[in-house]
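Protein chains in written order, with the UniProt record's numbering: chain W, 1 to 371; chain U, 1 to 837.
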């Protein structure tokens, strides 16, 4: 769900708005707008197959592999981490024989939410595919961009990031099968079924590895969440932001919820997926998912107010979301001009912590250039 | 301080002479300052542009003009030494329907940010376009991003369309935004590298890779590690190297101009000298009186020097101001290279450099002091008692110059000419010119008296008087002749040199352009090529008897040096169609022959018969130097080889130019039209050799426009010198004229006497100037040009122009003498005589 935010965020790097371009323009009909390029369409009924569908789907306009999680080192408090690889099919240079032809772009974004620092550390990369600098595999999850990579090996992922002021090298082991969101992986984004994606998650990944912070390398372990989603027509008209959450529950279950938000704060669409500790999965529709903001925090940098504590109603159950720290705003105005909030969260039910995960909120500041 | 009025005030009393000295120094300083300021501005601008382009790059991979294989980029980007590699493909193109050329940088926008952030493109939102479309603008195949200066130069704005040639095809681009980081006055165009490769038919090629090394890594160490990866003819350079190359390239031209300005300054010093010498003579009694009432010898000397210094200072200050004004005008008119073509595409802005300006002020003061030195010493040496009793000009008249020192200086010039260039500058040649000029001036009194001795003492009284005076007091004539000699020498030397070069270039153009028509793919240097199909179509055009194609490229033989031009065209085995210098060396069977330009011979030390390695198509090829040809077009060196050899060695079959011979009776105009339409879309440019020749000579004349200005200035200075000298002389000789009137000479006769003396003095100066100027011309041609620009030329003396010039100058000099003496002649004879008794 974080895709658009991150897309926007990364967009800045060298290509101010390329990422945003992933979205079909408002009022247009997505894939069909490009007269020359036919993007693959997301249709209901497709059965996702593994490991092939873990790999890239270059025929679609946009795709991402998105990992978030909580880590704990040998010392100190837990902290959050996030790594995302985006693939963008631009529709440009499809018949250009140049090895530089920008048919497919890769963008990566990594962050660390460290309570000791009190704010996010983050870094980003972007490149066109080719020249062995950036590329992806189509038969399994494997994307790389210079010395950043995310790769699937049998029953685990490996990811490496060398950012400006942090680095990590993590192994993320599967603890169960993938969790399909929506209708067996067909995830609608709006009342109109045209705006949809293929979307599955891998919750409860067991993390082990190394993190380097402030030049100090330490062994870490924790739990993470991986989203893989691809689409050619994602963001619906009439939504100018969204809220998304992905949580690993202490009992072995998992919870994903999102809503597309109208300018007035009401939901245009909402959806959730719940996996129980016994492995059963439940998919919930718009009327079964409700978000209630509880506490707001105003960024001293941007003046934007974010609801950072939430009550969630998923079906018959109510949860409370609380942030690891208040300031998890991602302010990349200097490089990209985009601002959003994305951070590590604790999940409570009846005043008891029952899980941890990540929350992403976009569109709260008017500076975010959406659609 | 009352003394200040006595001395410095005297400058005001002889306004004409002071003004002339002042003007000469103004001119010398102004010219020197202008050349300096213009070049400084151009170099600073060029350097800033290079730094923008190089950004944070620690090293740059450079190669031949046609570029190198892009696989090198992948290899270098993967190296641990390299933090970021930014590939660049630069093409030169031309806007359709205009002569505006545009260098387009094809860049990977994702790699640019870390290395050359100034080249980051910023898309500008355009209202009437779909939003989605505008977001991918940075990568779109028809998007071009222009710096503010380029937008101004091309008169376009974001959203406008821009049609350029891509090869021989038209290409429609859209100005999608600007380059906010680019320096304001830099004309830059940026596109996506994939689009440039595709549109300009350069798939797989790069012209440069900018490398940012990992932090803390030593550049030399990285260089040593990366160099083995490079194919032949591709080098690693630190970005500053290009700046140095540009500076070196224009240095010879700059130094030559500055030295011309220095000559104007020296002429100014002579003028100060002649004015001061005569003024001292006129003030003989006054100065003797000052000495008698207690002014120390030393003080008198210093005060007289101060007179010269004041003229120098005023002239220099005004000169520096005028120089900056002149520089501004020159920049507007001719551009940063004063028309020489070293810095095209720049719009430099002038900056005031206090150090350089201070230096030029000092030079002006120095010229004034130097001019005043000898007269001041003479004046300080006089014995007051004797001078008070018999006020006359004997001291000056008796000066015989320093013939021995003069001879020594002139002889010294000979070995100086044989010196090799020092720091790539012909310093020996310049010293030799200085020696010749100074020596001949020291010799001038001797020459004058020798000349007078052979003059017959007969004819009308004024003639005999004039001859007698010259014979008895050659120093007088010498003073007047000094300025004439210096300026005539300068004019004659420049005239002979420029004439020789122009004639040689003219002949050379005839040799190098033997065909009836010339065709090229636009004015485009790297974009336009004629592919094989087009080559065949051109050869089949009716009326075409024979076609010869030329392939242009540039090679880098040595890192850190500018690239060398490569011309591949049909060349016969003995090179008879080339403008050869010396004889050709026979080539054995199976060897590849190359013909090198004189510059390459000088710079690389290659000689006919040498076996050398050429980096062609990424590998070293062994070739034989067969002969040396004259190339006035490419100062950094060029080499030619047979097109068939080139194609065999590189496999590259495209060409850029074609020389076309017509069948007898064919109409050149209609064939030209048929050739143009064979290329389609007006991308081919067909010209007749006459046109090329006219354009070339026009460029030549523009290049030498500055020297014409200097020549004119020198003539004016010379004439002014005559006028000043005679005005002072005539004033000093008032009582002599009075006596002559008493003895019965008419005013007309005295006027004739003055005119004759003027012509005689000028004649001596002109004769000396012609001789010395001829010698200086020889040094300019054989030493200075050869060492500065690496080209030879055939001596060609513009006899008629020189004759007319000499005659006019002599006539003008006598006129100046008469006009100057008119005041003295008008004076009442009785009064004039009585004044002194």
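Here a beta-carbon is modelled for each residue, glycine too, at the ideal position from N, C-alpha and C.
Just so it is clear, the structure is predicted and the values come from calculations on it, not from any experiment.
Three-way DSSP call (helix, strand, coil) for residue 819 (chain U) in this model: One-based indexing of the second chain puts residue 819 (chain U) at position 819. Residue 819 (chain U) falls in the helix class under three-state DSSP.
Residue 63 (chain W) at chain U interface by Cβ criterion, 9 Å: Start at 1 with the first residue of the first chain, and residue 63 (chain W) comes out as number 63. It does not: the Cβ of residue 63 (chain W) has no partner Cβ on chain U nearer than 9 Å.
Three-way DSSP call (helix, strand, coil) for residue 298 (chain U) in this model: As a first step, residue 298 (chain U) is located in the second chain; it is residue number 298 there, counting from the start. Residue 298 (chain U): helix per DSSP, three-state reduction.
Local Cβ density within 10 Å of residue 541 (chain U), reported as buried at 16 or more and exposed below that: Here residue 541 (chain U) corresponds to residue number 541 of the second chain, with the count starting at 1. Residue 541 (chain U) comes out buried.
Residues near residue 580 (chain U) by beta carbon distance below 6 Å, same chain, minus five either side: Here residue 580 (chain U) corresponds to residue number 580 of the second chain, with the count starting at 1. Taken in chain order, the residues that qualify are 627, 629.
For residue 314 (chain U), the nearest candidate out of U:302, U:21, U:221 (CA to CA): To locate residue 314 (chain U), count along the second chain from 1; it is residue 314. Answer by Cα proximity: U:21.
The stretch 95 to 112 of chain W: positions lying closer than 7 Å to chain U by Cβ: 96, 97, 98, 99, 100, 101, 102
Span of the alpha helix (DSSP H), counted from its first residue to its last, around residue 565 (chain U): Position 565 of the second chain, counted from the start, is the residue given in the question as residue 565 (chain U). From DSSP, residue 565 (chain U) is part of no alpha helix (DSSP H) but of the beta strand (DSSP E) over 564 to 568.
Contact with chain U by residue 151 (chain W), beta-carbon distance below 9 Å: Start at 1 with the first residue of the first chain, and residue 151 (chain W) comes out as number 151. False, the Cβ-Cβ gap to chain U never drops below 9 Å.
Spatial distance of residue 335 (chain W) from residue 263 (chain W) (CA atoms): By one-based count along the first chain, residue 335 (chain W) stands at place 335. By one-based count along the first chain, residue 263 (chain W) stands at place 263. Residue placement at residue 335 (chain W) is poorly supported in this model, since its pLDDT is 49, which falls under 50; the coordinates still yield a value, given next. If you take the alpha carbons of residue 335 (chain W) and residue 263 (chain W), they lie about 26 Å apart.
Chain-order list of residues whose beta-carbon lies under 6 Å from that of residue 198 (chain U) (same chain, five-residue window excluded): If you number the second chain from 1, residue 198 (chain U) lands on position 198. Answer for residue 198 (chain U): no residue qualifies.
Start and end residues, alpha helix (DSSP H) containing residue 262 (chain W): As a position in the first chain, residue 262 (chain W) is number 262, starting the count at 1. Unbroken run through residue 262 (chain W): none, as it is neither H nor E.
Pairwise C-alpha distance: residue 784 (chain U) and residue 439 (chain U): The count along the second chain starts at 1 and reaches residue 439 (chain U) at position 439. The count along the second chain starts at 1 and reaches residue 784 (chain U) at position 784. Within the model, the alpha-carbon separation for residue 439 (chain U) versus residue 784 (chain U) is close to 19 Å.
Beta-bridge partners of residue 198 (chain U), as assigned by DSSP: Reading the second chain from its first residue, position 198 is the one you call residue 198 (chain U). For residue 198 (chain U), which the question treats as bridged, DSSP gives no partner whatsoever.
Cross-strand partners of residue 167 (chain W) (DSSP beta bridge): As a first step, residue 167 (chain W) is located in the first chain; it is residue number 167 there, counting from the start. Its beta-bridge partners are W:162, W:212.
Bounding residues of the beta strand (DSSP E) (the contiguous stretch that carries residue 415 (chain U)): Residue 415 (chain U) sits at position 415 when you count from the first residue of the second chain. Run containing residue 415 (chain U): none in the beta strand (DSSP E); it sits in the alpha helix (DSSP H), 403 to 417.
Beta-carbon separation (whole angstroms), residue 86 (chain U) vs residue 124 (chain U), contact threshold 8 Å: Within the second chain, the letter at position 86 stands for residue 86 (chain U). Within the second chain, the letter at position 124 stands for residue 124 (chain U). Not a contact, Cβ separation roughly 23 Å.
Against chain W: residues of the stretch 92 to 111 of chain U by CB proximity under 9 Å: 106, 108, 109, 110, 111
Per-residue DSSP class, three states only, for residue 72 (chain W): Against the first chain, residue 72 (chain W) aligns to sequence position 72. Three-state result, residue 72 (chain W): strand.
Residue 153 (chain W) classed as buried or exposed, judged by whether at least 16 other C-beta atoms fall within 10 angstroms: As a working note, residue 153 (chain W) is residue 153 in the first chain. Exposed is the call here.
Residue 420 (chain U) classed as buried or exposed, judged by whether at least 16 other C-beta atoms fall within 10 angstroms: Along the second chain, read from residue 1 onward, the residue named residue 420 (chain U) stands at position 420. It counts as exposed.
Between the CA atoms of residue 501 (chain U) and residue 793 (chain U) - distance to the nearest angstrom: Within the second chain, numbered from 1, the residue matching residue 793 (chain U) stands at position 793. Within the second chain, numbered from 1, the residue matching residue 501 (chain U) stands at position 501. About 6 Å.
Presumed contact (8 Å Cβ cut-off) between residue 177 (chain U) and residue 137 (chain U), rounded CB distance: As a position in the second chain, residue 177 (chain U) is number 177, starting the count at 1. As a position in the second chain, residue 137 (chain U) is number 137, starting the count at 1. Right, their Cβ atoms sit about 7 Å apart.
Whole-number beta carbon distance between residue 674 (chain U) and residue 543 (chain U), since they are thought to touch under 8 Å: If you number the second chain from 1, residue 543 (chain U) lands on position 543. If you number the second chain from 1, residue 674 (chain U) lands on position 674. Right, their Cβ atoms sit about 7 Å apart.
Residues bridged to residue 282 (chain W) [DSSP beta-bridge criterion]: Residue 282 (chain W) sits at position 282 when you count from the first residue of the first chain. BP columns for residue 282 (chain W) point to W:274.
Contact check, residue 323 (chain W) vs residue 308 (chain W), beta carbons under 9 Å: If you number the first chain from 1, residue 323 (chain W) lands on position 323. If you number the first chain from 1, residue 308 (chain W) lands on position 308. Going by C-beta atoms, residue 323 (chain W) is nearer than 9 Å to residue 308 (chain W).
Residue 69 (chain U) versus U:293, U:208, U:145, U:92, residue with shortest Cα-Cα distance: Start at 1 with the first residue of the second chain, and residue 69 (chain U) comes out as number 69. Of U:293, U:208, U:145, U:92, the smallest CA-CA separation from residue 69 (chain U) is found for U:208.
The stretch 203 to 219 of chain U touching the stretch 65 to 81 of chain U, judged by at least three CB pairs closer than 8 Å: With a cut-off of 8 Å, the stretch 65 to 81 of chain U and the stretch 203 to 219 of chain U count as touching, because enough Cβ pairs lie within range.
Residue 288 (chain W): first and last residue of the uninterrupted alpha helix (DSSP H) it sits in: What you label residue 288 (chain W) is simply residue 288 of the first chain in a count that begins at 1. Per DSSP, residue 288 (chain W) belongs to no alpha helix (DSSP H) and is neither H nor E.
Partner residues on chain U for residue 92 (chain W), Cβ-Cβ distance less than 7 Å: Position 92 of the first chain, counting from 1, holds the residue named residue 92 (chain W). In chain order: 136, 139, 140, 141.
Status (buried if at least 16 other CB within 10 Å, exposed otherwise) for residue 859 (chain U): With chain U covering 1 to 837 only, the question about residue 859 (chain U) has no answer from this structure.
Any C-beta of chain W under 9 Å from that of residue 695 (chain U): Indexing the second chain from 1 puts residue 695 (chain U) at position 695. Not closer than 9 Å to any Cβ of chain W, the Cβ of residue 695 (chain U) fails to qualify, so no.
Chain W within 9 Å of residue 204 (chain U), Cβ atoms only: Taking the first residue of the second chain as position 1, residue 204 (chain U) is located at position 204. True, the Cβ-Cβ gap to chain W drops below 9 Å.
Meets three-Cβ-pair contact criterion under 8 Å: the stretch 176 to 193 of chain W and the stretch 236 to 244 of chain W: yes
Extent of the continuous alpha helix (DSSP H) run through residue 84 (chain W): Counted from its first residue, the first chain places residue 84 (chain W) at position 84. No alpha helix (DSSP H) contains residue 84 (chain W), which is instead part of the beta strand (DSSP E) from 79 to 89.
Boundaries of the alpha helix (DSSP H) in which residue 176 (chain W) is found, first to last residue: For the purposes of this step, residue 176 (chain W) is taken as the residue at position 176 of the first chain. Run containing residue 176 (chain W): none; DSSP gives neither H nor E here.
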